[in-house]
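Engineer: Structure in structure tokens, see below.
Residue numbers (my numbering): 2 to 92.
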């Protein structure tokens, strides 16, 4: 019953429901599966979409993917990450 699996969420610093499966392949997906809550992942997905659209990123561009990966890591670690104009993070 994965829907009740708790993880110590890196973003929120407390136990929260985790994802049902790793959202990405490889070690990055494993790390997210083990350390990021479903709530934080959903928030990242929304922010990622805004960043792609606001910055006109092409996911075919390796440098754009690398930049987005760095923003994802900063987001989950509560470091200073890029925010679209007018973006207010969920508290």
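Every residue, glycine too, gets a C-beta built ideally from N, C-alpha and C.
Would DSSP call residue 59 helix, strand or coil?
Structural biologist: Correct three-state label for residue 59: coil.
Engineer: Using DSSP with H/G/I as helix, E/B as strand and the rest coil, what is residue 30?
Structural biologist: Three-state DSSP puts residue 30 in a helix.
Engineer: To the nearest angstrom, how far is the alpha carbon of residue 57 from that of residue 50?
Structural biologist: The alpha-carbon atoms of residue 57 and residue 50 are separated by roughly 10 Å.
Engineer: Rounding to the nearest angstrom, what Cα-Cα distance links residue 37 and residue 28 in this structure?
Structural biologist: If you take the alpha carbons of residue 37 and residue 28, they lie about 13 Å apart.
Engineer: Would you kindly check if the distance between the Cβ of residue 42 and the Cβ of residue 53 is under 9 Å?
Structural biologist: Their beta carbons are not under 9 Å apart, which means residue 53 does not touch residue 42 by this criterion.
Engineer: Count the other CB atoms, across all protein chains shown, that sit within 10 Å of the CB of residue 46; report buried if there are 16 or more and exposed otherwise.
Structural biologist: Looking at its Cβ environment, which holds fewer than 16 other Cβ atoms inside 10 Å, residue 46 is exposed.
Engineer: Just the C-alpha distance for residue 79 and residue 10, rounded to the nearest angstrom, thanks.
Structural biologist: One C-alpha to the other measures close to 11 Å.
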